[in-house]
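Asker: In UniProt numbering, the protein residues as written are 1 to 283.
Built from N, CA and C at the ideal position, the CB exists for glycine as well.
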Ligand SMILES: [Fe+2]
Ligand SMILES: [Fe+2]
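Spelled out as structure tokens, the structure:
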């Protein structure tokens, strides 16, 4: 099997490459032979400049996978879609839902729009995006599998109640059904790449295990949302699940946050990595 390289282009922190910067967001490139799949696009602040600094040509990317419809994963879409060339964009069909975050201001609570800031029509008609909406687990490229909608089966991974979606009747807690991840079969074993894992990282691992038949994963790379869920049962059970699935590399990012990442480091030591912008590894 050809080697698989995974490179984080956008992340909250940056390091290891001269000229790159951080932003609250996530984007990672999966490269194997001619295959170049971009998982998420960050906010759009650092994707192009970081890619340039890392010698990555965004014009060679012909598949984008959106882990969900938040701005910090989708804001760089135009920078990859341009010049228009029919880039395939794989996502769950609710990715364009009107997503908001409830935030506290000095004058009280308010809702800030945090969804995709571009019209679907603009991305398609002007930038040539070819949306490929999928709700089911399935192969999207040789050895690469999209999670589809992740069943929420654990009793300790709950929706983040400050994340909302606006429908005809008003705001409700966003079930984030669009939260999706990838499973990549590599020469070293199966690797999971998540964006935010709003579905819960244990639900994600359980789902991939059930669908693929794997009971171990070589690596889990990306966001885990543990940073927003506090230090408690969900974090502890997530760490237990990394052990249960015998994960050799826990490379957390983004919404894992500093505290949960520090706890992961202390527990997993050489099995741990900060997958910040500029971090890259080969399988
Ligand atoms: Fe998110
Ligand atoms: Fe995020």
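What residues sit near ligand 1, counting only those whose C-beta is closer than 5 Å to one of its heavy atoms, in chain order?
Answerer: 70 and 196
Asker: Thinking just about the alpha-carbon of each residue, which of 148, 204 and 55 is nearest to the one in residue 9?
Answerer: Across the set 148, 204 and 55, the C-alpha of 55 shows the shortest separation from the C-alpha of residue 9.
Asker: Flag residue 255 as yes when its Cβ comes closer than 6 Å to any non-hydrogen atom of ligand 2, and as no otherwise.
Answerer: Of the heavy atoms belonging to ligand 2, at least one sits nearer than 6 Å to the Cβ of residue 255.
Asker: Suppose contacts are defined by Cβ-Cβ distances below 7 Å. Is residue 91 in contact with residue 103 by that definition?
Answerer: no
Asker: Less than 6 Å separating the Cβ of residue 72 from some heavy atom of ligand 2?
Answerer: yes
Asker: In chain order, which continuous runs of the beta strand (DSSP E) of length 3 or greater are located wholly inside the stretch 28 to 77?
Answerer: 35 to 39 and 63 to 65
Asker: Tell me whether the beta-carbon of residue 39 lies closer than 7 Å to the beta-carbon of residue 61.
Answerer: No, Cβ-Cβ distance for residue 39 and residue 61 is not below 7 Å.
Asker: Fully enclosed by the stretch 199 to 234, which alpha helix (DSSP H) runs are 4 residues long or longer?
Answerer: 201 to 212
Asker: With a 10 Å radius around its C-beta and 16 neighbouring C-beta atoms as the bar for buried, classify residue 83 as buried or exposed.
Answerer: exposed
Asker: Run through the DSSP bridge pairs and tell me what residue 285 is partnered with.
Answerer: Outside the displayed span of the chain (1 to 283) sits residue 285, for which this structure offers no information.
Asker: Just curious, the alpha helix (DSSP H) that residue 268 is in, first and last residue?
Answerer: 257 to 268
Asker: For residue 216, count neighbouring C-beta atoms within 10 Å of its own C-beta (all shown protein chains included) and say buried if the count is 16 or more, exposed if not.
Answerer: exposed
Asker: Name the two residues that bound the continuous beta strand (DSSP E) containing residue 10.
Answerer: First-last of the beta strand (DSSP E) with residue 10: 5 to 10.
Asker: Just to confirm, is the Cβ distance from residue 7 to residue 14 under 7 Å?
Answerer: no
Asker: When burial is assigned at 16 or more other CB atoms within 10 Å of the CB, is residue 26 buried or exposed?
Answerer: buried
Asker: Is the separation between the beta-carbon of residue 190 and that of residue 207 shorter than 7 Å?
Answerer: Going by C-beta atoms, residue 190 is not nearer than 7 Å to residue 207.
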